Each structure stands twice: as C-alpha cells, then as structure tokens.
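Note that the numbering used here has the sequence shown beginning at 45, numbered continuously upward.
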Amino acid sequence: MADSGRTPAKRAGQVFRHFVFMMIGALLAVPYIAVFIWGTQLAGSPEAGSLSAVVAFILLFVLLTVPALLSVTRALERTAVRELLDVELPEPIGSAAHNRRWRGAAWYLVHLMAGGLTLVAAVFAIPVMVTLSVMPLTGQTRVSDQLSAVLSPFADSTTAVLWSLALGAGIIIFTILTGMALRHWAGVMLGPSPAERLALEEQAARASARRNELARELHDSVGHALTVTTLQATAAQSLLARDPEAAVRAMQAVADTGRAALAELDHVIGILREPEGPGAQPMDGAAGSLVELPGYLDMLARQGLDIERNFDARRLDGLPPVASTAAFKILQEGLTNVLKYASPQQCALTISAEPRMLHLDLSNPVSGVPQLRGGGRGLAGIAERARLAGGSAQTSLTKGIWSLVASFPLDFWQPDGGQPDGAQSVRGRR
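Have a look at this one:
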C-alpha cells in the first residue's frame, strides 16, 4: 500500500495499529516466557533435577508447536494482519497443504518474537518514562534512588532523561521498522504460494470468462428479442387498420419471441445464482443449436422475412455441439441485423461442411450504410464467439450487399483429434 497520500494522523494511526499487533504477540508470548523461565530455574536447581527441566522444555515445545500448526491460528493471524497491518491477503483455496502449515507456523513464531521484544522494551522503558514524567511534580532532580536498578550507571537526572527519551524513541522506531518488516513478510508467510497464486489466477480467469459468456448470452437473447418485438409491434401498429390478420400474426410473433427470450433469460439467471468454480454449469445448454434453425427461420418468415435457404436441415443434427451452438448464435445475431437493416426484407443463407470445417454464409441487400446498435457490439460478439469455437468470422459490405461469413473446425475440442460425428456435407437445396 502506498504511503504517499497518508496524512501525519493516518501515519500515526498506522504505527499505533502496528504496536497493537505486536502487543498481541507479546500477550501470546507471556505463557511461553513463563514456561521458559520456569524451565531454566529447574535446570539450575539441584533439588529439581534434570528430568524436571527436560519436562518443562518439552512442554514449552508442545505449547509452541501445537497452536502454530492449527488452521484456526492461521485464520486469526490472517485477520489480525488484514486489520492491523493493512495487508490484503486472499482467502486460501482448498485444504491446507504442508507448505502452508509450516509457513503459518513460522509466521506465528515471528509474531511471538516481535511481541516478546516489544514487551521487554516496554517493560524496561515505560517505567522510566513514567517516573521521569512525574519528577517535576515532586520537585526531585535526581533519579538514582528510584531507578538505580535500571539506570545505575547514570546518576544524574539529565543523563537519565536523555537515555529514557532515547529508549522511548527506540520503541517508536522499533515499532515502525518491525511493522514494515512484518507487512512484507506477512504476504510471504500467510499469502498464497506460487501454486496457489496460479490457482487464484485461473479462478479469476474462469470468473471473467463466465461473465463474458453471460454477457454474450444476454446480448444475443435479449437483444434479439427486443429487436424483433420492436419491429413487429411497429408493423402491427401500421397494419391494424388495413390488415388485421397481418397485425395478429405480427403480435403472435411478438408473443413467441417474448416467451423464448424469457426462457433463455430464466436459464441465464439460474447460471448467475450458481456458485462459480470448475464444476459450474456451462452456458451451452441454453445457447441452442443448428437443430433449432429451421424453426427459427420459419418464425422469421412469418414475420415477413424472405429467406433463401441453401442447406439440408436433416444434416444439422449430426454436427458437434461446439460448432453447432456457435453457428446458431452467430446466425441469430446476423439475422437480427438482417431484420433491422435489410432493404428489401430478404436474405440468403448457405450452410456447408467439409470433412473438418463448417462454413456459414449469410448475405442481404441494404440501403445505405447500416448503423449497428451498440457501436458494433453485436459484430464484436460474433467474432469473439467464433474465436472461442476455434473458428473465425468476417463481415463486409460490397455493392449494397451485406455479408457475414464464418467458419468453424468440426473437430474442435475432440480429444483424439479425429473426425467427429456429423462432419459431413449439409449443403443442399431445401
């Protein structure tokens, strides 16, 4: 965290929080210090014997090791580091590995040592500072009687004051430097390992890909539905007086499109409610496939779009799901643009397959240069969807004819790299 924008008050608050963190370590270190003193006294006592000292030091080792290796200790240390040292630590993923346990134990020991040193310094310096602060109130000028056990080499008050002030400054400097070191090492000891960082990056990449996937689905389904309903509602309004039957058909198309869009939207919302992760439900289940294309074209034909179909509908159900889904959604976006910009309302669609490639060709006449909605976001989505399926897509406007051409490998994501089922020609006049 950069300190360039910190005010003196914020810096002082940060130093105080660092001091509080080290005092927590000091409190944790008190039992260990007590057991250590007890053990050294037993070791120096002829009555106690060496066995008692060994037992005391074994107890010290157990008291130090067991809490250091507990997951709850690591969790508490992470919380303290976040709140008091201002270090961002991501939550660990998966079960605790041995490396994470030992790094957490090492951090616990570092925390105890920093706290113990702070405690010793505070116990030595704070009484000196308190005594010196009350001296002017009592009229005393010498401190050798009160602090002889601590400052016996310094008999006069001036020397004692200077040394006690130096001790106070030393505590502050120690707190600042130790806090800086602890902030640095907290990320190393409590943060993710290289393998865990890689897993976190992969998790973030999956989440980003999932968001993009949801955005594409919402754009394709809701954007298409809004386009169709707007056009058909406008047509129904103009036809209501002179051709009621055509107006009814237009409103029926609006209803059909709305129901289909609601179904897709319901599925997308269900995906949003699912937890993210490797086992999350893929979006392809709601994306449709070329099997649905004939019915979809029939619906557009009922809305007044004249479609020249150059493919064999019976061959569409044998295509691999990845290519079939991508092709359907790209054609859905392309046909939405046809509805908006074709003049007259007609288009030609050709679908053909080589042994390993699926080809789409959609063209329609336009008048002028179409202004694509969303600044061309739909065309960007077409290119992205084709790329994710291992293929490519291009659009062009030549002599008043708008063309969309896309190609996909039919063996994309095939584990054996062989020719998948359905890699056969679908070209033919329907």
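For every residue, glycine included, the Cβ atom is placed at its ideal position computed from N, Cα and C.
Quick caveat, the model's predicted, so the values are computed rather than measured.
State whether the segment 100 to 117 contacts the segment 142 to 161, with contact taken as three or more CB pairs (one from each stretch) at a distance under 8 angstroms. yes
Under 8 angstroms between C-beta atoms of A100 and V79: Counting from 1 along the sequence shown, the entry for residue 100 is found at position 56. Counting from 1 along the sequence shown, the entry for residue 79 is found at position 35. A contact, by the Cβ cut-off of 8 angstroms.
What do you reckon, are the CB atoms on I374 and A437 nearer than 8 angstroms? Translated into the one-based positions of the sequence shown, residue 374 becomes position 330. Translated into the one-based positions of the sequence shown, residue 437 becomes position 393. Result yes, Cβ atoms of I374 and A437 sit closer than 8 angstroms.
Skipping 5 residues on each side, what residues in its chain have a beta carbon closer than 6 angstroms to that of S407? Indexing the sequence shown from 1 puts residue 407 at position 363. So the qualifying residues of the chain are A392, I445, S447.
Below 6 angstroms CB to CB, which residues in the same chain sit around T222 once its five sequence neighbours on both sides are set aside? Position 178 of the sequence shown holds residue 222. Counting only Cβ-Cβ distances below 6 angstroms, and skipping sequence neighbours, we find A158.
Do P365 and R400 have their C-beta atoms within less than 8 angstroms of each other? Counting from 1 along the sequence shown, the entry for residue 365 is found at position 321. Counting from 1 along the sequence shown, the entry for residue 400 is found at position 356. Going by C-beta atoms, P365 is not nearer than 8 angstroms to R400.
Beta-carbon proximity list for R122, same chain, < 7 angstroms, skipping 5 on both sides: As a working mapping, residue 122 is identified with position 78 in the sequence shown. If we look at R122 and ignore the five residues flanking it on each side, its Cβ neighbours are L133, L234.
Under the DSSP definition of a beta bridge, which residues are partnered with H403? On the sequence shown, residue 403 is found 359 positions in, with the first residue counted as 1. Paired residues: S396, S451.
What residues are listed by DSSP as bridge partners for A225? Taking the first residue of the sequence shown as 1, we reach residue 225 at position 181. When beta bridges are read from the DSSP output, A225 appears opposite no residue.
My assumption, with CB atoms under 8 angstroms, is that F65 sits in contact with A124. Please give the rounded CB distance. Taking the first residue of the sequence shown as position 1, residue 65 is located at position 21. Taking the first residue of the sequence shown as position 1, residue 124 is located at position 80. Going by Cβ atoms, the distance from F65 to A124 rounds to 6 angstroms, so yes, they are a contact pair.
Output the boundary residues of the beta strand (DSSP E) element that contains Q347. As a working mapping, residue 347 is identified with position 303 in the sequence shown. Here Q347 belongs to no beta strand (DSSP E), and DSSP marks it neither H nor E.
For F355, which of M343, R145, L337, R147 has the nearest alpha-carbon? The residue labelled residue 355 in the question sits at position 311 within the sequence shown. Selected option, being the one with the closest Cα: L337.
How should D310 be labelled, buried or exposed, when 16 other C-beta atoms within 10 angstroms of its C-beta is the threshold for buried? Indexing the sequence shown from 1 puts residue 310 at position 266. Burial call: exposed.
Alpha-carbon spacing of G418 relative to A243, whole angstroms: Your numbering for residue 418 matches position 374 in the sequence shown. Your numbering for residue 243 matches position 199 in the sequence shown. Note that G418 scores 44 on pLDDT, short of 50, meaning its location in the model is unreliable and no value can be drawn from it.
Which first and last residues belong to the alpha helix (DSSP H) in which A433 is found? Translated into positions along the sequence shown, residue 433 becomes position 389. From DSSP, A433 is part of no alpha helix (DSSP H); its letter is neither H nor E.
Could you check what DSSP says for E135 in three-state terms: helix, strand or coil? Taking the sequence shown and counting its residues from 1, the one referred to as residue 135 is at position 91. Residue state for E135 is assigned as coil, using DSSP reduced to three classes.
Cβ neighbour criterion (16 or more within 10 Å) applied to Q85: Taking the first residue of the sequence shown as 1, we reach residue 85 at position 41. Q85 comes out exposed.
Applying the criterion that 16 or more other CB atoms from any shown protein chain within 10 Å of the CB defines a buried residue, is F60 buried or exposed? Taking the first residue of the sequence shown as position 1, residue 60 is located at position 16. So F60 counts as exposed.
Throw me the rounded Cβ distance for the L402 and L363 pair, which I believe falls under 8 angstroms. Stepping through the sequence shown from its first residue, residue 402 is reached at position 358. Stepping through the sequence shown from its first residue, residue 363 is reached at position 319. Between L363 and L402 the Cβ distance is about 7 angstroms, and since that is below 8 angstroms, they are a contact.
Pick from W82, W146, L104, I102 that is closest to R118, judged by C-alpha positions: Taking the sequence shown and counting its residues from 1, the one referred to as residue 118 is at position 74. For R118, the nearest C-alpha among the options comes from W146.
Is the beta carbon of L283 sitting closer than 8 angstroms to the one on A277? The sequence position of residue 283 within the sequence shown is 239, counting from 1. The sequence position of residue 277 within the sequence shown is 233, counting from 1. Against a cut-off of 8 angstroms, the Cβ pair of A277 and L283 comes out as no contact.
Taking buried to mean at least 16 other C-beta atoms within 10 Å of its own C-beta, is P411 buried or exposed? Position 367 of the sequence shown, counted from the start, is the residue given in the question as residue 411. Checking the sequence, you will find Ser at residue 411 rather than Pro. The residue is exposed, with fewer than 16 neighbouring Cβ atoms inside 10 Å.
Enumerate in chain order the residues of its own chain whose CB-to-CB distance from S440 is below 6 angstroms, with the five nearest sequence positions on each side excluded. Here the question's residue 440 lines up with position 396 in the sequence shown. Only S447 meet the Cβ criterion.
What three-state label does DSSP hand S368 in the structure shown? Indexing the sequence shown from 1 puts residue 368 at position 324. S368 falls in the helix class under three-state DSSP.
Report yes if the CB atom of G332 is closer than 8 angstroms to the CB atom of Q389, and no otherwise. Taking the first residue of the sequence shown as position 1, residue 332 is located at position 288. Taking the first residue of the sequence shown as position 1, residue 389 is located at position 345. The answer is no: Cβ separation not under 8 angstroms.
Looking at H62 and L120, is the spacing between their C-beta atoms short of 8 angstroms? On the sequence shown, residue 120 is found 76 positions in, with the first residue counted as 1. On the sequence shown, residue 62 is found 18 positions in, with the first residue counted as 1. No, they are not a contact pair.
Out of L103, D361, L341, A367, point me to the one whose CA is closest to E545's CA. Because the chain in this structure spans residues 45 to 474, residue 545 falls outside the shown range and cannot be described.
Kindly indicate which three-state DSSP category Q389 falls into: helix, strand or coil? Locating residue 389 in the sequence shown gives position 345, where the first residue counts as 1. Looking at Q389 - three-state DSSP - the assignment turns out to be coil, as it is neither helix nor strand.
Delimiting residues of the alpha helix (DSSP H) encompassing A285: By one-based count along the sequence shown, residue 285 stands at place 241. It is not in any alpha helix (DSSP H) - A285 carries neither H nor E in the DSSP assignment.
Return the Cβ separation of A370 and R429 in integer angstroms, given the expectation that the two are a contact with Cβ distance under 8 angstroms. Taking the first residue of the sequence shown as 1, we reach residue 370 at position 326. Taking the first residue of the sequence shown as 1, we reach residue 429 at position 385. With 8 angstroms as the limit, A370 and R429 qualify as a contact, their Cβ atoms being about 5 angstroms apart.
Going by other Cβ atoms of all chains shown within 10 Å of its Cβ, with 16 needed for buried, is R144 buried or exposed? Within the sequence shown, the letter at position 100 stands for residue 144. Counting the other Cβ atoms within 10 Å of the Cβ of R144 gives 16 or more, which makes it buried.
Find the nearest neighbour of G378 within the set P409, D350, I426, L334, judged by alpha-carbon distance. The count along the sequence shown starts at 1 and reaches residue 378 at position 334. Nearest option by C-alpha distance: I426.
Spatial neighbours of P326 in its chain, beta-carbon cut-off 6 angstroms, leaving aside the 5 residues before and after: Within the sequence shown, numbered from 1, the residue matching residue 326 stands at position 282. Residue placement at P326 is poorly supported in this model, since its pLDDT is 48, which falls under 50; the coordinates still yield a value, given next. So the list is empty, once near-sequence residues are dropped.
Taking the alpha-carbon of L161 as reference, which of G69, L262, R255, D300 has the nearest alpha-carbon? Start at 1 with the first residue of the sequence shown, and residue 161 comes out as number 117. Nearest C-alpha to L161: G69.
Beta-carbon spacing of A305, A269 below 8 angstroms: What you label residue 305 is simply residue 261 of the sequence shown in a count that begins at 1. What you label residue 269 is simply residue 225 of the sequence shown in a count that begins at 1. Against a cut-off of 8 angstroms, the Cβ pair of A269 and A305 comes out as a contact.
Can you say whether Q281 is buried or exposed, counting buried as having 16 or more other CB atoms within 10 angstroms of its CB? One-based indexing of the sequence shown puts residue 281 at position 237. By the 10 Å Cβ count, Q281 comes out exposed.
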